[in-house]
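Written out below as C-alpha cells is the structure these notes cover.
4 protein chains.
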Amino acid sequence: MEAQREGKFDRILDAAIDAFAESGFYQCPVSRIAQLAGVAEGTIYLYFKNKEEVLIQIFQERMGAFITNMRGELSREETTEAHLRTIVRLHFSYMEQNRSLAIVSQLELRQSNPRIRQAINGPLLEYFHLIEEVIQQGIEREEVPQTDPWVARQMIFGSLDEATTDWVLARNPRTLMSAVEPLLTLFKGALRLKNRTI
Amino acid sequence: MEAQREGKFDRILDAAIDAFAESGFYQCPVSRIAQLAGVAEGTIYLYFKNKEEVLIQIFQERMGAFITNMRGELSREETTEAHLRTIVRLHFSYMEQNRSLAIVSQLELRQSNPRIRQAINGPLLEYFHLIEEVIQQGIEREEVPQTDPWVARQMIFGSLDEATTDWVLARNPRTLMSAVEPLLTLFKGALRLKNRTI
Amino acid sequence: MEAQREGKFDRILDAAIDAFAESGFYQCPVSRIAQLAGVAEGTIYLYFKNKEEVLIQIFQERMGAFITNMRGELSREETTEAHLRTIVRLHFSYMEQNRSLAIVSQLELRQSNPRIRQAINGPLLEYFHLIEEVIQQGIEREEVPQTDPWVARQMIFGSLDEATTDWVLARNPRTLMSAVEPLLTLFKGALRLKNRTI
Amino acid sequence: MEAQREGKFDRILDAAIDAFAESGFYQCPVSRIAQLAGVAEGTIYLYFKNKEEVLIQIFQERMGAFITNMRGELSREETTEAHLRTIVRLHFSYMEQNRSLAIVSQLELRQSNPRIRQAINGPLLEYFHLIEEVIQQGIEREEVPQTDPWVARQMIFGSLDEATTDWVLARNPRTLMSAVEPLLTLFKGALRLKNRTI
DNA sequence: AATGAATGAGCCTTCATTCAT
DNA sequence: GATGAATGAAGGCTCATTCAT
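Chains as they are written, first to last, in numbering that gives the first Met the number 0: chain A, 0 to 197; chain B, 0 to 197; chain C, 0 to 197; chain D, 0 to 197.
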C-alpha cells in the first residue's frame, strides 16, 4: 500500500518535472501532469495540496537529494581542487542526466512568487553554503589567498548555472561534461589556487 | 503626432517593465500595465500586437540600447582589463539604475516559450558576442593566454547574472557596485590577465 | 449483526445531522459525515444510496419519531388549551435538546430540490395534519369559534418555526422554553379559546 | 452609458433571482444566471465581485426597496389594525407579484453561511424592527394590552413566512391574498386588539 | 461487511483580446 | 486615436461516487 502510494507520489513528481519543463509552471495545466503521470486530475490533489506544492516538492525532494549526495562526495576529497572538480562534475552530470529537472530549475529558480521562492530557497541556500564552505576551507588551508567567499560563490554558481542554461536552450549542445575542465581551469585561476605542498 | 505616439509607446513600455517586475509576465494582467501607464486596456493593442509583443519590445528596445551604449564605451578603451571593468561596471550600474528592468530580465530571461525566447535571444546573443570579442582581442593582444572564449563568456556573464539575481532577490542587498572590483579580480585571475607591456 | 448494522446506521445518521448543521447540506462533504461517524466514506454507501438519501432518512427517522411521540402525548390530554401547550412545549423542548437537528430542519426544511422536498413533506404534512386536528377538535368541542384550521395551522407552525429559527441563529439566545407561555397566550387569543364548560 | 450599466446590473439581478429560485443558490451555476440574463459569464463579474455578492445584492436591493415602501405605506395609517392590514397585504402582494424572489427568500433566508447571513440580516432585522414598532405603538396607544413585542413579532412574521412557504411549495395554491383577512382576524385576536375609541 | 484510493465531471473565476462608440 | 465594456475560453480545485482489496 505504502509502496504503491510512494510510487504514485514519485510518478506524479516525475510527470510534473517533464510537464513544467515543456511549458513552464504557469503555462502548464494540471491536466497535463495527470496525463503524463497516467492518473486522473483529482488524484494529484490526494498527494499534493495544490499545483504550487508540486513545484515546491520538486525542489525539496530532488534538489535536496542532489545536495545530500554532493556533500557526501565532497567529504571523500581533501584538496580544494578536488572539491571544485567534484562540484562542477556532479552539477553537470546531474543536470545532464536529468534534463527536464535542469530545465525546470533554469525556468523556475528565479521565481518572484514569494511562497515558491521561499521553498526553493531552502535547498538553494544550502547549495550556496556548501560552495562557500569549500572556498573557506581553501583559504584556511592556504590553498587560496584571502578572497570574499560570497563573491567567489556567485562566480562559481553563476558560471555553472549559465553553462546549464546555454546547454538547456541550445538545440545541438556540446555536452555539459566537456566544459568541466575548461571551467575548472578558469576557477583555479580566479581563486589563484596553489597546489598544496605537504 | 509621431512624437505623441512615441511618448505613449514608451509610457506603456515603462509601465510594463514595472508591472512585469511586480509579478512576472504570466502573472501580470494587461489591465495592470494599462493602469500603470494611465491608458485604457484597448490602447495597448494599438501599439502592440499582443501581450507577448510588449515583453519582446522591452528586450529589443531597452536591452538593445544598453548594448549599443556598452559597445560605445568599450571602443574608448584599449586594454582588456579596462574592457572587463567597463562591462562589469556598466552591467551593474545599468541594473542598479533600472531595478524593474533588472527584475524582468532575471525573471524572464529564461523563457521556454519559443516566440519570446527567440526575441530575447537577439539582444542577448549580441551581448554574448561582445563579451567574447573582448576575450578574443585579449588573446590576440597576448594579454590573455589561449582560452575558450565561449566558456570564458559563460563565466563572466554567469557571474554578472548571478550577482544581479542575488541583488534582486535580497531584501537588504549590498550595492551591486561594491562587487565590481572583487569580481574583476576574480576575472583577471581566471583569464590570467597580464599587464600589457608596450 | 443486525444490531450492529442498526448501530452503524444510527451513528451515520447522527453524524450527518451534526455535519449538515455545521455547514448545510450542499456545503457538507460526505467525507465530513464519515469523519464524524468514525467510518470510511465508502461505508456510508452501504447504508444509504447516496448523500440525498441520508438527508431524507434524517427527516423520516427523527421527525417521524418526534411526531409519533407528540401524537402519544396529545392523546393523554383533553382540552384544546392542553393540546396547544403540549405542541408548543414538545416542539421547543425537542428542538432545544436536538440543536443540530433543529438547525438542519431550519436550513433544509425549505428545499426546492424536488426529491428531497418530497421526502420531507411526508413527516411535515403529518405534523401539519396533527395541528389541524387539534384545531378541528377545538371547533367541534366549541372551545374555538369557527375558524379556518389551515390558516390557524400556518400561524401556529409558522410561529414555532420562526421562534426556533431565531433561537438557532442567535448567538446568545433566550431559551426556547421561556417563550412557551407568551406564545400560548397569543395562540389562545388568536383562536378565541374559551374554557370548556361541561 | 450609466443607464445601460444600470440596466445590465438589474438584468443580471433579475436573472439571478429566477436562477436561484429554480434550483437554490448552491445548485445554480453562474452560467445559468448568464444564460437567463443574456450576457456572457464573465460579464457578471464586471458587476458583482462573485456569486455570493449577487445573492447579497438581491436582498439588499429588492428587500430594501420592499421595506422602504412598506414604511411609507405604514406612515399613512393611524390605527394598529390598519398597520397590521398593511403589513399582511403588502407582504403577500409583494410576494405574489415576485414569485421567484419569494422562493429565493424562502430558500435562502435561512443561510448558515456567515457572510451571506450577515448581509441578509440587515434588511431582515429592519423588517422585524418595523413590525415590533407597530406593536409597540399599539401598546402605547392602548389598543393592545401589555405584550412582549418580540414574541408577537415572531408570531406575525412566522405566520406570514409560513403562509408564503406553503404558497411557494404548493402546486395549485390558493392566492396569498385570500389569506389576508383570516390571518388578520387571528392577529387581532392574538393581540386582543380593541377598536380605538376616541 | 468495511475500507479509502482513485476517478472525472462540473463549477467559479480570471484575463487576453475585440469592437462599438 | 482612444476607450472600456463585453466576451468566452481555459484552468485550478472539489467532491460524490465507485471498486479493488
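Positions of the beta carbon are idealized from the N, C-alpha and C atoms, including for glycine. Only a predicted model underlies this, so the values are computations on that prediction, with no experimental measurement involved.
In terms of residues, what are the limits of the alpha helix (DSSP H) holding residue i?
i                      : result
residue 148 of chain C : 148-168
residue 114 of chain C : 113-139
residue 174 of chain D : It is not in any alpha helix (DSSP H) - residue 174 of chain D carries neither H nor E in the DSSP assignment.
residue 181 of chain C : 179-189
residue 25 of chain D  : It is not in any alpha helix (DSSP H) - residue 25 of chain D carries neither H nor E in the DSSP assignment.
residue 42 of chain B  : 40-46
residue 50 of chain C  : 50-57
residue 87 of chain C  : 79-96
residue 63 of chain A  : 63-74
Examine chain D for any beta-carbon lying closer than 8 angstroms to the beta-carbon of residue i, and answer yes or no.
i                      : result
residue 95 of chain C  : no
residue 1 of chain C   : Confidence in residue 1 of chain C is poor, its pLDDT being 43 and thus under 50, which makes the residue's placement too unreliable to answer from.
residue 185 of chain C : yes
residue 121 of chain C : no
residue 126 of chain C : no
residue 88 of chain C  : no
residue 62 of chain C  : no
residue 142 of chain C : no
residue 147 of chain C : yes
Under 8 angstroms between C-beta atoms, does residue i make it to chain C?
i                      : result
residue 58 of chain D  : no
residue 79 of chain D  : no
residue 28 of chain D  : no
residue 182 of chain D : yes
residue 178 of chain D : yes
residue 106 of chain D : yes
residue 109 of chain D : yes
If we count the other Cβ atoms within 10 Å of its Cβ and call it buried at 16 or more, is residue i buried or exposed?
i                      : result
residue 48 of chain B  : exposed
residue 80 of chain A  : buried
residue 56 of chain A  : buried
residue 23 of chain C  : buried
residue 157 of chain A : buried
residue 145 of chain C : exposed
residue 104 of chain B : buried
residue 165 of chain D : buried
residue 67 of chain A  : exposed
residue 160 of chain B : buried
residue 15 of chain D  : buried
residue 39 of chain A  : exposed
residue 20 of chain C  : buried
residue 117 of chain A : exposed
residue 107 of chain D : buried
residue 6 of chain A   : exposed
residue 178 of chain B : buried
Would you say residue i lies against chain B (beta-carbon separation less than 8 angstroms)?
i                      : result
residue 174 of chain A : no
residue 191 of chain A : yes
residue 164 of chain A : yes
residue 16 of chain A  : no
residue 137 of chain A : no
residue 132 of chain A : no
Whole-angstrom Cβ separation of residue i and residue j, contact assumed at under 8 angstroms?
i                      : j                      : result
residue 95 of chain D  : residue 45 of chain D  : The Cβ separation is near 33 angstroms, so there is no contact.
residue 185 of chain C : residue 189 of chain D : 4 angstroms
residue 82 of chain D  : residue 89 of chain D  : Actually they do not touch by this definition, with Cβ atoms about 11 angstroms apart.
residue 191 of chain D : residue 143 of chain D : 7 angstroms
residue 121 of chain B : residue 59 of chain B  : 7 angstroms
residue 162 of chain D : residue 182 of chain D : 7 angstroms
Could you tell me whether any non-hydrogen atom of the ligand SAM is closer than 7 angstroms to the CB of residue i?
i                     : result
residue 64 of chain C : Of the ligands one can find in the structure shown there are none, so the ligand SAM has no counterpart to examine.
Verify the CB distance criterion: does residue i have a CB-CB separation below 8 angstroms to chain A?
i                      : result
residue 198 of chain B : An answer regarding residue 198 of chain B cannot be provided, because it is not within the stretch 0 to 197 covered by chain B.
residue 112 of chain B : yes
residue 12 of chain B  : no
residue 69 of chain B  : no
residue 151 of chain B : yes
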